[in-house]
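Working notes for the structure below.
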Amino acid sequence: MGVSEHKPRAENYKCTQFRYGGMYGNGMMGNYGGQYGHGGAESNFARLAEESSRGAFQSIESVVNAVTSVANMLSSTHNAVYSSFRAVIGVVEQLSRLKMQLSTVLLSLSIFKFIQRIWRYLLVVLRLKPANYASVEELAWGEIKQPYAGPPVINWPAIMFWMVALGGPWLIYKAISQMVRSVEESRKWATGTGAHYTALALYDFQASNDQELSFMNGEVLRVAPKEEQPRVRGWLLASSQEGDRVGLVPINYVKVVGRKSESPPPREPIDNLSRFEMSFRNPSQS
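Numbering of the sequence shown is given in the working numbering, commencing with residue 1 and proceeding in unit increments.
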């Protein structure tokens, strides 16, 4: 008996939310099928990478906004504390000047000078001070000229600033690199370099939206492994033989014919990173 020419009816799927490797859209079935055929593998990879990283960048933006708010709050607090500190310092400075003025007035009085001379003479007679006992002004000037050796001070704000300025971009670079690697790992099955199933199309199928994958009768498709399949009843996640189109296909339109651990890599690189690596490869090694 031959294959019936009557096409089975594709089952309608109600589950419109699934996550495939953390990369196909913001929790939705993201942009499969029709759009993959227009931009090529490179544009598909760029779009998938952009969509997969959108949530991460939104999280980073939220963190940056929170840090900015905290920084603004700390800046306002710093300005308020600094203004209060300057006000207190101004009051102390004015009191010091007032004290100096009062001292100058008192010292200008002859009677005070006379009492001061008697007091100095008594100190010298009692041998409490040397004969060349200096005046009050000279002693004060000598104390001012003595250098003050205080304890070393560590500039913690500067250290924290450089840690954030240098460590922040490095952490973002590591996060983006890990994200790109996870995207590349999750689409290995579509390019044939990872474990996948091989399926044969039994009928023609035209995608009705960008979540589905169009194919022709007799076309060979790659089916994602079980752990990568979305929870959509009656549909499979598959890709074209070239790996440039990915989408959902009705399970009763295809026939799984085998399982492959991996396939030979394509002759042409599928992304700019592969082209960059191949440009530096020794011709004798290829």
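By construction, the Cβ of each residue, glycine as well, lies at the ideal position given by its N, Cα and C atoms.
Keep in mind the model is a prediction, meaning the values are calculated, not measured.
Cα-Cα, which of the options is closest to residue i?
{"i": "Tyr203", "options": "Leu221, Gly194 and Asn209", "result": "Leu221"}
{"i": "Leu171", "options": "Ile60, Pro230 and Ser52", "result": "Ile60"}
{"i": "Val183", "options": "Tyr121, Pro169 and Glu228", "result": "Glu228"}
{"i": "Val288", "options": "Pro225, Val257, Arg259 and Phe205", "result": "Any answer about residue 288 is impossible in this case: the structure gives the chain only from 1 up to 286."}
{"i": "Asp244", "options": "Ser214, Pro230, Arg231 and Ser75", "result": "Ser214"}
{"i": "Trp235", "options": "Gly218, Ala207, Met216 and Asn217", "result": "Ala207"}
{"i": "Glu219", "options": "Val257, Glu185 and Val232", "result": "Val257"}
Quick check: the Cα distance between residue i and residue j, rounded to an integer number of angstroms?
{"i": "Ala56", "j": "Val64", "result": "12 Å"}
{"i": "Thr191", "j": "Glu242", "result": "7 Å"}
{"i": "Val246", "j": "Ile176", "result": "23 Å"}
{"i": "Met327", "j": "Val91", "result": "What the structure shows of the chain is the stretch from 1 to 286, and residue 327 is not part of that stretch, so it cannot be assessed."}
{"i": "Ile89", "j": "Met163", "result": "32 Å"}
{"i": "Lys226", "j": "Ala71", "result": "47 Å"}
{"i": "Thr193", "j": "Ser239", "result": "13 Å"}
{"i": "Ala87", "j": "Leu98", "result": "17 Å"}
{"i": "Arg259", "j": "Ser52", "result": "28 Å"}
{"i": "Trp156", "j": "Phe114", "result": "54 Å"}
{"i": "Val223", "j": "Arg187", "result": "11 Å"}
{"i": "Trp119", "j": "Ser103", "result": "17 Å"}
{"i": "Val180", "j": "Ala80", "result": "45 Å"}
{"i": "Gln211", "j": "His196", "result": "20 Å"}
{"i": "Ala165", "j": "Ser62", "result": "18 Å"}
{"i": "Pro266", "j": "Trp189", "result": "Low confidence applies here, because Pro266 scores a pLDDT of 48, under 50, leaving its location unreliable and the question unanswered by this model."}
{"i": "Pro230", "j": "Ile154", "result": "56 Å"}
{"i": "Gly168", "j": "Ser83", "result": "31 Å"}
{"i": "Ser69", "j": "Gln58", "result": "16 Å"}
{"i": "Phe161", "j": "Arg117", "result": "58 Å"}
{"i": "His38", "j": "Val67", "result": "Because His38 sits at a pLDDT of 44, beneath the cut-off of 50, its placement in the model cannot be relied upon, and the following sentence gives the value as read from the coordinates. When rounded, the distance between both Cα atoms is 41 Å."}
{"i": "Val105", "j": "Thr77", "result": "42 Å"}
{"i": "Asn209", "j": "Met216", "result": "17 Å"}
{"i": "Arg54", "j": "Tyr173", "result": "15 Å"}
{"i": "Met73", "j": "Ala158", "result": "18 Å"}
{"i": "Arg47", "j": "Phe85", "result": "54 Å"}
{"i": "Leu95", "j": "Ser75", "result": "30 Å"}
{"i": "Arg127", "j": "Glu93", "result": "37 Å"}
{"i": "Tyr36", "j": "Gln178", "result": "The predicted position of Tyr36 is uncertain, since its pLDDT is 42 and thus under 50; a value taken from the coordinates is nonetheless stated next. If I take the Cα positions, the gap works out to 24 Å."}
{"i": "Glu50", "j": "Val232", "result": "24 Å"}
{"i": "Glu185", "j": "Leu237", "result": "16 Å"}
{"i": "Glu138", "j": "Ile111", "result": "With a pLDDT of only 48 at Glu138, under the threshold of 50, the placement of this residue in the model should not be trusted; the figure read from the coordinates follows. Distance between the alpha carbons of Glu138 and Ile111 is about 20 Å."}
Kindly identify the DSSP beta-bridge partner or partners of residue i.
{"i": "Gly247", "result": "Ala238"}
{"i": "Phe205", "result": "Phe215"}
{"i": "Gly258", "result": "Thr198"}
At which residue ranges does the region 172-200 contain complete beta strand (DSSP E) runs of 3 or more residues, listed in the order of the chain?
None, since the region 172-200 contains no complete beta strand (DSSP E) of that length.
Taking one C-beta from the region 191-210 and one from the region 246-261 each time, how about it: are there three or more such pairs within less than 8 Å?
Taking 8 Å as the limit for Cβ pairs, the verdict is that the region 246-261 does touch the region 191-210.
Run through the region 208-243 for me and flag every whole alpha helix (DSSP H) of 4 or more residues, listed as ranges in chain order.
List check, alpha helix (DSSP H) in window: nothing returned.
Where in the region 54-127 do unbroken runs of the alpha helix (DSSP H), each at least 4 residues long, occur, reported from the N-terminal end onward?
Runs of alpha helix (DSSP H) with 4 or more residues, each lying fully within the region 54-127, are found at 110-125, listed in chain order.
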